Amino acid sequence: MNHESKANSTITIKGILSLLMESLDENNSKRVISLGMGDPTLSTCFPNTKVAEEAVADALHSAKFHGYAPTPGLLQARRAIAKYLSDDLPYELSSDDVFITCGCTQAIDVSFTLLARPAANILLPRPGFPIYELSAAFRQVEVRHYDLLPEKGWEVDLDAIEALADRNTVAIVIINPGNPCGNVYTYHHLEKVYCKNSKMLGTIVIADEVYGHLAFGDNPFVPMGVFGSIVPVLTLGSLSKRWIVPGWRLGWFVTNDPSGTFRKPKVVERIKKYFDLLGGPATFIQAAVPSHNYTDRREMEDIPCISFPCKPQGSMAMMAELNLSLLEDISDDIDFCFKLAKEESVIILPGTARHAREQ
Numbered sequence: 001m002n003h004e005s006k007a008n009s010t011i012t013i014k015g016i017l018s019l020l021m022e023s024l025d026e027n028n029s030k031r032v033i034s035l036g037m038g039d040p041t042l043s044t045c046f047p048n049t050k051v052a053e054e055a056v057a058d059a060l061h062s063a064k065f066h067g068y069a070p071t072p073g074l075l076q077a078r079r080a081i082a083k084y085l086s087d088d089l090p091y092e093l094s095s096d097d098v099f100i101t102c103g104c105t106q107a108i109d110v111s112f113t114l115l116a117r118p119a120a121n122i123l124l125p126r127p128g129f130p131i132y133e134l135s136a137a138f139r140q141v142e143v144r145h146y147d148l149l150p151e152k153g154w155e156v157d158l159d160a161i162e163a164l165a166d167r168n169t170v171a172i173v174i175i176n177p178g179n180p181c182g183n184v185y186t187y188h189h190l191e192k193v194y195c196k197n198s199k200m201l202g203t204i205v206i207a208d209e210v211y212g213h214l215a216f217g218d219n220p221f222v223p224m225g226v227f228g229s230i231v232p233v234l235t236l237g238s239l240s241k242r243w244i245v246p247g248w249r250l251g252w253f254v255t256n257d258p259s260g261t262f263r264k265p266k267v268v269e270r271i272k273k274y275f276d277l278l279g280g281p282a283t284f285i286q287a288a289v290p291s292h293n294y295t296d297r298r299e300m301e302d303i304p305c306i307s308f309p310c311k312p313q314g315s316m317a318m319m320a321e322l323n324l325s326l327l328e329d330i331s332d333d334i335d336f337c338f339k340l341a342k343e344e345s346v347i348i349l350p351g352t353a354r355h356a357r358e359q
């Protein structure tokens with residue numbers, strides 16, 4: 001299959017959600033419960049902080065931020081993000097390490113654009129976030145999936161990484177906290193992933209940390225950047241989840257490179273040039289930057305056809321396993337989701353949309 005065909009056939013979350021919404025029975029009086037999109041604003045249970053709203057209002061009313069922002073982003077916003085991320089690192093990031101993007105999705109696309117080259121391949125987690133596959137298809141980068149192991153709390157299959165990588169592997173993507181598995185990696189596991197990558201592959205690590213610090217289990221959140229002294233780490237994140245403002249579309253692309261690897265081949269200069277092509281979030285949004293689960297799980301465990309490989313530790317998602325032998329007239333996970341939407345007005349995503357393999 002060529003790259004154009006792959007792009008056209010790649011499943012996207014928004015695409016399948018649209019199909020599920022279309023399948024709702026308009027004659028069904030049940031209230032629609034949508035659990036398929038990681039948008040915390042859809043529920044009134046998660047109000048935004050007044051401080052954030054006031055910061056945006058103050059920036060807008062100041063009349064200082066109606067013009068274009070510098071292409072890497074407002075300096076004050078980049079400084080604030082650098083300081084925020086540096087709190088968890090053994091070294092200090094500077095504003096020069098930070099580039100502001102339209103959400104984390106644009107940061108993903110920037111990563112693939114900069115790493116793409118003839119015959120390049122990239123290692124992606126399975127289950128994972130489908131935007132990576134779509135971006136790879138458009139940038140003509142081959143995708144090689146490594147599995148996450150549910151029996152080990154969705155840890156990375158380290159042996160698979162070794163088997164999949166070759167001299168054309170340009171990066172490995174690590175999503176932590178996990179989306180969609182809800183796992184949070186320990187320092188020890190991240191260290192093993194990083195050591196295997198740096199010693200054997202020498203490729204860049206793309207750390208998707210959009211759910212950073214949304215950890216509520218036994219494992220604290222550890223940023224991949226703590227290991228950035230040997231092989232550079234590109235950290236991708238956003239305000240969307242932790243600050244409950246996905247509509248603000250403010251993300252970041254950050255180079256964790258204390259050893260200066262990027263400066264030697266002038267990679268940073270190339271990044272800056274590419275950002276000249278992009279339009280970032282609204283200037284006034286950038287200016288604002290500086291300033292019951294146990295019961296639910298117990299009730300779900302009473303449904304015999306649904307099981308959970310492991311309890312979620314973070315992010316806003318979890319993976320469940322269907323026992324199709326206990327379900328009547330259900331052929332697969334997609335069939336289940338569409339019938340659930342039509343009969344019960346409940347929207348969830350099939351594992352197929354996340355490239356989950358059958359257990």
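The numbering of the sequence shown is full-length UniProt numbering, which starts it at 1 and goes up by one.
Every residue gets a Cβ at the ideal spot worked out from N, C-alpha and C, and that includes glycine.
Here the structure is a predicted model, which is why all the values come from computation and not from measurement.
Secondary structure of residue i, DSSP reduced to three states
i	result
T41	helix
T255	strand
S315	coil
G225	helix
residue 381	The question about residue 381 has no answer, for the chain in this structure spans 1 to 359.
Y91	coil
S345	coil
I230	coil
H355	coil
R126	strand
P350	coil
H213	coil
F308	coil
N121	strand
Y187	helix
T49	coil
F262	coil
I244	coil
L149	strand
R249	coil
L35	coil
E269	helix
Best match in the options for proximity to residue i [C-alpha to C-alpha]
i	options	result
S291	G36, S345 and A57	A57
I330	S315, G314 and P350	P350
F253	F129, P72 and P312	P72
R126	S315, I161 and V267	I161
L75	T12, K30, V289 and V346	V289
L158	V205, D147 and L35	D147
residue 360	A287, V210, A215 and A320	As shown, the chain starts at 1 and ends at 359. That puts residue 360 outside it, with no answer to give.
T203	Y194, R31, Y132 and V210	Y194
A59	T283, I303, V268 and E191	T283
L35	D25, E26 and L20	L20
F99	L201, K14 and L236	L236
V222	I230, S259, K264 and G178	G178
Per-residue burial, residue i [other beta carbons within 10 Å of its own, 16 or more giving buried]
i	result
H66	exposed
K241	buried
F129	buried
H355	buried
H188	exposed
R139	buried
D296	With a pLDDT of only 44 at D296, under the threshold of 50, the placement of this residue in the model should not be trusted, and no figure is reported.
residue 416	The requested residue 416 is not part of the displayed model; the chain covers only 1 to 359.
N197	buried
Close-in-space but distant-in-sequence residues of the same chain around residue i (CB under 7 Å, 5 per side omitted)
i	result
C305	L322, N323, L326 and L327
W248	L239, P281 and I285
S23	F338, A341 and K342
D276	T71
P232	I204, T255, N256, D257, T261 and F262
Beta-carbon contacts of residue i that lie in its chain and below 6 Å, excluding the five residues immediately before and after
i	result
G251	T101, G103, C104, A107 and S238
H145	L124 and R126
L85	L93
C-beta atoms of residue i and residue j nearer than 8 Å
i	j	result
A317	P220	no
A77	L115	no
G182	P312	yes
L234	A207	yes
E209	N176	yes
L93	A82	yes
S345	I16	no
V110	I122	no
A215	G314	yes
N168	A120	yes
T41	I271	no
D39	P246	yes
A353	I13	yes
L190	F227	yes
Neighbour flag for residue i against chain B, beta carbons, 8 Å
i	result
S135	The structure shown contains no chain B; it holds only a single protein chain.
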